[in-house]
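There are 4 protein chains.
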Amino acid sequence: MMRSFNNDYSEGCHPMILEALQKDNLMQNNPYGLDRHSENASRIIKEHIKCSEADIHYLTGGTQTNLTVISSFLKPHEAVIAADSAHINVHETGAIEYTGHKVLSVRSEDGKVNPEMIESILQEHKDEHMVKPRLVYISNATELGTIYQKEELKALRACCLTHDLLLYADGARLGHALCSKRNDLTMADMAAYTDAFYIGGTKNGALLGEALVITNRKLQEDFRYLIKQKGAMLAKGWIVGIQFEMLFEGGLYYEMACHADEMAEKIIDTLRTAGYKLVSDSSTNQIFVELPDSLIEKLKEEYVFSVDKRTAEGFSSVRFVTSWATKEEDVERLINDLR
Amino acid sequence: MMRSFNNDYSEGCHPMILEALQKDNLMQNNPYGLDRHSENASRIIKEHIKCSEADIHYLTGGTQTNLTVISSFLKPHEAVIAADSAHINVHETGAIEYTGHKVLSVRSEDGKVNPEMIESILQEHKDEHMVKPRLVYISNATELGTIYQKEELKALRACCLTHDLLLYADGARLGHALCSKRNDLTMADMAAYTDAFYIGGTKNGALLGEALVITNRKLQEDFRYLIKQKGAMLAKGWIVGIQFEMLFEGGLYYEMACHADEMAEKIIDTLRTAGYKLVSDSSTNQIFVELPDSLIEKLKEEYVFSVDKRTAEGFSSVRFVTSWATKEEDVERLINDLR
Amino acid sequence: MMRSFNNDYSEGCHPMILEALQKDNLMQNNPYGLDRHSENASRIIKEHIKCSEADIHYLTGGTQTNLTVISSFLKPHEAVIAADSAHINVHETGAIEYTGHKVLSVRSEDGKVNPEMIESILQEHKDEHMVKPRLVYISNATELGTIYQKEELKALRACCLTHDLLLYADGARLGHALCSKRNDLTMADMAAYTDAFYIGGTKNGALLGEALVITNRKLQEDFRYLIKQKGAMLAKGWIVGIQFEMLFEGGLYYEMACHADEMAEKIIDTLRTAGYKLVSDSSTNQIFVELPDSLIEKLKEEYVFSVDKRTAEGFSSVRFVTSWATKEEDVERLINDLR
Amino acid sequence: MMRSFNNDYSEGCHPMILEALQKDNLMQNNPYGLDRHSENASRIIKEHIKCSEADIHYLTGGTQTNLTVISSFLKPHEAVIAADSAHINVHETGAIEYTGHKVLSVRSEDGKVNPEMIESILQEHKDEHMVKPRLVYISNATELGTIYQKEELKALRACCLTHDLLLYADGARLGHALCSKRNDLTMADMAAYTDAFYIGGTKNGALLGEALVITNRKLQEDFRYLIKQKGAMLAKGWIVGIQFEMLFEGGLYYEMACHADEMAEKIIDTLRTAGYKLVSDSSTNQIFVELPDSLIEKLKEEYVFSVDKRTAEGFSSVRFVTSWATKEEDVERLINDLR
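Structure, rendered in structure tokens:
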């Protein structure tokens, strides 16, 4: 059987989550996210992020969350600033543009956005013949596996406040970011320094679901209308609520993300020692590395992973992804084969 | 404990479905609906509807399915014809309009659309100063619990072909329609006489999910792009695929719908016998009836159901809904209390 | 030669307007509406409507103005309330829906909206499963030629304030309304009792152009961005500015509208005396009347006018429109032929 | 008085055009572009471009034309390829994105798009997680004043046919392109090698208006609906029709553009001789050049022109634009001052 390092959403969910779904399965709940599980999960999360004024909504996926948030926060002529590699810029089939808004992409080697990039965009956009930049989209961890340091996030926030910009963080892999060895942020920091962010469940052991946290009071108004209009309101909303209860009642969310990061770290260390060129300075569960095509061919016989593109004669860059479900023995074997 | 006749999505899912999810939980699957379960479910359904050329996609909810379908099938100036009570016209927070299309509603007492209504709309819309009617939206069962007879569906189809209109059926409660005592349609008929329709899972025992069937070849093209763009593509798509495998491998889908219909029938018979005025001639699992306010107050102590509006001095119309999970003993008790 | 009562936009413009365009033709102006003529016209109009805080923008047509205004004022889930005969509901090819918003139409015999209609809509729209009514669209004169009395407008305004609704008036034929014998409103009243309205030029002697007046300060922000985005910002914006200077420097705007209304009044009086059934109680320049088909056929030999629909065996309703350019002799002749 | 080299739309229109408007001013015409002038203009243009099957529509501005065309031609998930400096990418306030479509910009030094750029975009966009490139947008002349050679246009066309892409040309300054000394294209070539293009009037001596030419039969269908829906259908459509009659009955369109190009050439020659660095290799009526700030300051006392940005210590790039209305004496004076 093939060992998969293809992505972090190949399995169902952590067994404890399925158990919780099972336990409650035949109980009656209020529909549309107004149930006791969703309420309880929100209570737990608000305590965890130290923000009692936050509004929390449960949606089913990242693209859906991003498009609902961004189209709700912006007026028609307002635009989003994002890294060129941002999920909304590349991998959402134009979902943001479909809601009417331009994504102003900035060239970023490491997938992160910084104040200089924002200010350069602002300088170019000065009158009504161009869109008006209004929201900065970041992801933590980024698409390249890199993470934001606390000082970086604070600087972004300050820049946004200066220029009356909103700051929104895509947390599809937020757990992996916060569990990274290099991380110095807490989830409470994410709440404190952004107007909204989401806590990704799909890529960290949930069956499906993301928890959107809106801390900016003005942006909270009528948000359930927007969720419904975008087709993002589940009739059986508690299905997601139960999962986030389980993820945050104890430390399950972080346990799973830490496992993924640790598995990745072992691989990264091996690659570094073996002298391979890491394409991105990831400290989370996605590894981007340049390998010889001959090695790639050999690895393909036993492992599933994605080959991105030819980087040089005889070399290509590949991506390995670890997850909460990655088995230590598979990592050991891969490490062996990489050496 | 209260006995709920509030809706057909208050419980999780049929235990067999959860068992199937459990069984496969730690197996690795291809993401985004390209997995073996979704493929297998589609094979089974295509056989069931006798249409090997159909394309089948799994989405998470009705509003999402409706907006993805309609915005994909229409050009910007084209409009939808629907009954005034249609879900897309009333209960989707303007989701269709958000995608840019006008819903041309026709007054319909029983929630159904007929060729005369369509032709009257066509006669009013003749030039480029008005929208161009292009798609007829029906639901079976309708929002009022009524169903289409085979002759009615055939007449609609003929009318649509004559006027180059598309026909799309919302099947949120398709199981309940097909299990109705008055029904003479098969699911294969639904496929044969429409361009697309969906088989509702959420309201008939699935945890979540709807199976969209597109039979018109020209409308199939690039549909996965549209699903992704609308935020409707689940990373773990097999979650829905597994459920539809389970629903259609044997007769589970019909068993559950038939149970709901039978429970409703008992209540309808009682109401009729007791001389209450049925607001809609439903033969499925939604019952609309006018009751004295005094009775309503008394029932509220023990049952959950929705009160729609005052209909006359001292009377209001209420809705009872039965489901796959409705217990026979609760129905017996309600019947007793209604007599 | 045929005498036309077909519409009020069959000729170019009042000769004085063309003269003004001619006079300035080779002078250099700032582009995009930031020229001295537009500024001067706005100064004159703000004085005329007694509202120094108003923002005034010049657009090229009614549909364009309506769609730019409404899509700018509303959030994605918010909807417009309008009469069923409203221009935005029937004759703009779904332009409002294209910008994403539902038009909630109310049945209105005379084309006007009143507080009862609004409140009935509000009562039906109470939660996030439906759109949120947010703006009331009226036209003065209406599509049926009727007009609002001051008390009616004040009552609408009060109702809107009570329910936090915006009030916007389409003034494609505002001149004709204000010049009606029955009118008791001033243009300053239009400014005082609405959040925005537009002064129609196209249908009252301008070559093209409408003057949009936004009095609500919060709705003024960034409006030029919206104009540009909708393709509604003319490079040579002064072309419209010059026309509105000419229309409002003296009394030209009212002179032209009064002429049209007087011509219509003569026809209406004749029709009434002759015993024909007036389909709408118009007091402006559009006349809707039921005539015998035989008479219609005879009139068609000499006059251009529109036949709306069969109203009874042997009878149809027709529309005659007068304008600033309608010749008295043509009216006399028509009157003669109608007697 | 200041001499303006600020843009090519500072004056009204060529006197002959105003005369034509005057002559017809009080004649009655059919509304909405269905008049004899528009028909006649279209007949003339179709003959001129040697394409009897073309459909021609008259709109009021470039942004409006671009957004109506692109939103009509594309399905929701389809995207436009354009140069990074393209008008639709920078200067239309996100009009294309507002209609729901992503603009995929390619880095282009000279403002032109070539097959290599297209193929590189196609290689990156291969599945449903990304938008589907479907239309190539070019402008001739480009935003940088450069033009396409016949071989370049043919190569683009071939590339588009190979990859099932549409080709659309923005002709805001098409006259200036075709009159350039380096040009080897005819307007018939523009028709032959694109699916649609527009002939700009606003920037070449018309009061307002652009003539959109759609040669691809499949894209012609229902186009008037789209024009109306976007608020782009003038009630008095003949206002634009008359102008295009006048522009193309004789050689007025080319005469005006040639004058503008000749004026520009004189300035370019002077700048070259004087050793200034031309920022773009323009051969049309827009000149981009780097000048010393000291000279810029001096020129500003007598001339109006735009300063784009600082290019080096003590130097900035500026833009001079000539037009049909540019006076030879003003050019002579500028030349003198530049030497």
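Residue numbers (our numbering), protein chains in the order written: chain A, 22 to 360; chain B, 22 to 360; chain C, 22 to 360; chain D, 22 to 360.
Using N, Cα and C, we set each Cβ at its ideal position, and we do this for glycine too.
Predicted model only: the values in this text are computed from it and were never measured.
Around histidine 150 of chain C, the beta-carbon contacts reaching into chain B at under 7 angstroms are His112 and Thr114. Distance from the Cα of lysine 251 of chain A is smallest, within the candidate group B:Asp56, B:Tyr119 and B:Glu40, for B:Tyr119. A check of alpha carbon separations from leucine 95 of chain A across A:Asp185, A:Thr167 and A:Thr84 identifies A:Asp185 as the nearest. By the Cβ rule, the region 143 to 162 of chain C counts as touching the region 96 to 104 of chain C, because three or more pairs are nearer than 8 angstroms. When the beta-carbon positions are compared, cysteine 34 of chain B and alanine 227 of chain B come within less than 8 angstroms of each other. Contact residues of the region 93 to 109 of chain C toward chain A are Ser93, Lys96, Pro97, His98 and Glu99 (C-beta to C-beta distance below 9 angstroms). Residue state for proline 154 of chain A is assigned as strand, using DSSP reduced to three classes. Remark: C-beta atoms of valine 339 of chain D and valine 352 of chain D do not approach each other more closely than 8 angstroms. For chain B, the residues of the region 250 to 277 of chain D that bring a beta carbon within less than 7 angstroms of one of its beta carbons are Gln250, in chain order. Here asparagine 110 of chain B is buried. Its C-beta has 16 or more other C-beta atoms within 10 Å. Lysine 153 of chain B reaches chain D at Asp243 and Tyr246, counting residues in chain order whose Cβ is nearer than 8 angstroms. Taking every protein chain shown into account, the CB of alanine 162 of chain A has 16 or more other CB atoms within 10 angstroms, so this residue is buried. Inside the region 283 to 350 of chain D, DSSP marks whole beta strand (DSSP E) runs of 3 or more residues at positions 307 to 313, 327 to 333 and 336 to 342, from first to last along the chain. Secondary structure note for phenylalanine 218 of chain B: its beta strand (DSSP E) is the uninterrupted segment 217 to 221. Contacts with chain B at 8 angstroms (Cβ-Cβ) do not include aspartate 205 of chain A. Here DSSP, grouped into helix, strand and coil, assigns aspartate 191 of chain A to strand. CA-CA distance, threonine 167 of chain B to leucine 247 of chain B, rounds to 31 angstroms. In summary, lysine 319 of chain B is exposed, with fewer than 16 beta-carbon neighbours lying within 10 Å of its beta-carbon over all protein chains present.
By the C-beta criterion, the region 66 to 81 of chain D is judged to be in contact with the region 228 to 236 of chain D, since at least 3 inter-stretch pairs fall below 8 angstroms. Linking valine 127 of chain B to methionine 138 of chain B through their CA atoms gives a straight-line distance of about 7 angstroms. For glycine 222 of chain C, no chain D residue has a Cβ inside 8 angstroms of its Cβ, as the nearest lies near 10 angstroms away. Note on geometry: alpha-carbon atoms of threonine 215 of chain B and leucine 177 of chain D lie some 41 angstroms from one another. Contact of asparagine 50 of chain C with chain D is assigned, a C-beta pair being separated by under 8 angstroms. Sixteen is the threshold: since fewer than 16 other Cβ atoms of the shown chains lie within 10 Å of the Cβ of alanine 295 of chain C, the residue is exposed.
In this chain, serine 31 of chain B is not harboured by any alpha helix (DSSP H), its DSSP state being neither H nor E.
By DSSP's assignment, arginine 24 of chain A forms a beta bridge with A:Tyr324. Remark: fewer than three beta-carbon pairs, one from each stretch, lie closer than 8 angstroms, so the region 296 to 315 of chain B and the region 60 to 72 of chain B are not flagged as touching. Tyrosine 119 of chain A belongs to the set of residues whose beta carbon lies under 8 angstroms from a beta carbon in chain D.
A straight line joining the alpha-carbon of valine 157 of chain B with that of lysine 147 of chain B spans about 17 angstroms. One Cα belongs to histidine 112 of chain B, the other to isoleucine 66 of chain C, and the distance between them is close to 43 angstroms. Glutamate 68 of chain A: not part of any beta strand (DSSP E); member of the alpha helix (DSSP H) spanning 57 to 69, first to last residue.
In the DSSP assignment, histidine 78 of chain D falls within the unbroken beta strand (DSSP E) covering 76 to 80. Along the region 277 to 293 of chain D, there is no position whose C-beta sits under 9 angstroms from a C-beta of chain A.
Thr81, Gly82 and Thr84: these are the residues of the region 55 to 84 of chain C whose beta carbon lies less than 7 angstroms from some beta carbon of chain D, given in chain order. Taking glutamate 231 of chain A as the centre and dropping the five residues before and after it, the same chain places the C-beta of Leu80, Gly82, Gly83, Thr86, Tyr219, Ile220, Gly221, Gly222 and Thr223 closer than 7 angstroms to its C-beta, in chain order. One Cα belongs to asparagine 306 of chain D, the other to leucine 165 of chain D, and the distance between them is close to 10 angstroms.
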